[in-house]
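In our numbering, the protein residues as written are 3 to 356. A short write-up of the structure that comes next.
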């Protein structure tokens with residue numbers, strides 16, 4: 003079985019465990035041990051997986067880490083497990099933090115069966131960083147995340163490659179967080195950085211405030227342009243001028259040109275895509291618009307419909323959900339977040355096309 007298929011099965015286990023595994027031990031059995039196995043380690047071989055690991059260097063009496071993964075006799079990865087019902091937080095890895103410097107391991111994982119947080123010592127050698135360099139969501143991830151997770155497989159494990167990637171991932175994550183905050187609400191420093199490139203005079207407070215809406219608008223345009231490039235769709239302008247055709251061919255061409263996907267439909271598509279990606283490869287989920295509704299398919303195939311968005315009416319938006327037998331059921335929506343209420347049906351239908 004390919005690694006991606008193993009993670010797909012693991013994702014299903016995590017979803018089931020979220021409602022049934024109420025203790026740490028249940029989380030270990032239902033999700034963490036299969037996770038260790040997916041990475042290529044044998045949970046039943048003490049030369050590879052050591053449960054209730056105690057370091058050679060004395061710490062608190064009785065203090066231990068849930069699992070230590072070994073390669074060629076060397077402790078390579080430490081794993082601390084929390085119940086799947088518990089939200090991971092910084093206060094929960096103090097034990098893992100203390101253990102990190104007592105072993106030769108350069109990777110530590112904190113997991114609750116829903117997420118796995120990966121730590122190393124990028125900031126200070128032999129001292130575990132306080133923030134993870136990589137987080138993996140068992141229930142909601144994309145192909146890129148699986149590729150990053152694949153680095154930790156036993157057969158291809160290279161601490162040099164992992165630390166190099168860890169450093170890049172950490173700075174990438176920090177950069178992404180900063181840029182997202184600037185997209186939401188650019189601060190004065192960011193406005194000034196851009197302002198120095200586009201304004202010749204002094205950047206007074208009044209000029210900064212004058213530039214702020216223009217820069218925010220420019221950022222929105224960039225994001226929309228990138229979405230259009232990626233998805234091959236266009237956003238509908240606020241007003242559409244009406245035109246009259248003189249020939250049937252012109253009418254057909256005009257009808258096609260009038261089909262422009264709205265930003266709201268794009269947002270809805272991205273929500274459906276994120277949900278269905280748990281069942282099928284994300285690049286198989288496609289969007290196709292028409293004058294009366296916007297459709298989402300698997301493999302861009304009419305015989306594999308997932309949902310329809312009826313967002314063009316003056317009344318409430320309507321969501322059409324298909325079951326595996328291709329029977330559509332319609333639901334009115336107050337807001338796009340209600341799409342998540344139908345996640346189980348979307349997953350079931352998508353899985354039937356895999």
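Positions of the beta carbon are idealized from the N, C-alpha and C atoms, including for glycine.
### Message
Let's test the definition: count the other Cβ atoms within 10 Å of the Cβ of residue 22 and tell me whether it reaches 16, buried, or not, exposed.
### Response
exposed
### Message
Judging by CA-CA distance, which residue of 226, 44, 213, 304 is the nearest neighbour of residue 266?
### Response
226
### Query
Based on the DSSP secondary-structure assignment, which residues constitute the bridge partners of residue 319?
335
#### Entry: Cα-Cα separation between residue 139 and residue 180, rounded to whole angstroms
21 angstroms
### Query
Are three or more beta carbon pairs between the region 272-283 and the region 344-356 nearer than 8 angstroms?
yes
### Message
Measuring alpha carbon to alpha carbon, tell me which residue in 192, 153, 331, 184 is nearest residue 171.
### Response
153
### Query
How big is the Cα-Cα spacing for residue 236 and residue 197?
Unreliable positioning characterises residue 236 in this predicted model, as indicated by a pLDDT of 49, which lies under 50. A coordinate reading is not provided.
### Query
Mind pulling the alpha helix (DSSP H) runs of 4 or more residues that sit fully within the region 145-232?
145-152, 161-186, 190-200
### Query
Just how far apart, CA to CA, sit residue 126 and residue 103?
11 angstroms
### Query
What distance in whole Å lies between the Cβ atoms of residue 322 and residue 334, which are believed to be in contact at a cut-off of 8 angstroms?
Not confirmed; about 11 angstroms, so no contact.
### Task
Take residue 252 and list the residues in its own chain whose beta-carbon comes closer than 7 angstroms to its own, dropping the five residues that flank it on each side.
Any reading at residue 252 is ruled out, since the residue's pLDDT is 45, under 50, leaving its predicted position unreliable.
### Message
Taking the alpha carbon of residue 338 as the reference point, which residue from 319, 203, 327 has its own alpha carbon closest?
### Response
319
### Message
Mapping the DSSP letters down to three states, classify residue 283 as helix, strand or coil.
### Response
coil
### Query
Would a C-beta distance cut-off of 8 angstroms place residue 78 and residue 107 closer than the cut-off?
yes
### Query
Does DSSP classify residue 53 as helix, strand or coil?
strand
### Query
Between the C-alpha atoms of residue 33 and residue 9, what's the straight-line distance to the nearest angstrom?
11 angstroms
### Query
Got a sec? Which residues, its chain only, sit under 6 angstroms from residue 185 by beta carbon, not counting five neighbours each side?
221
### Task
Buried or exposed for residue 18, please, with buried defined as at least 16 other CB atoms from any protein chain shown within 10 angstroms of its CB.
exposed
### Query
If you draw a straight line from the alpha carbon of residue 5 to that of residue 96, how long is it in whole angstroms?
31 angstroms
### Task
Following the continuous beta strand (DSSP E) through residue 118, name the residue where it begins and the one where it ends.
117-121
### Query
So, using beta-carbon positions, are residue 324 and residue 296 closer together than 8 angstroms?
no
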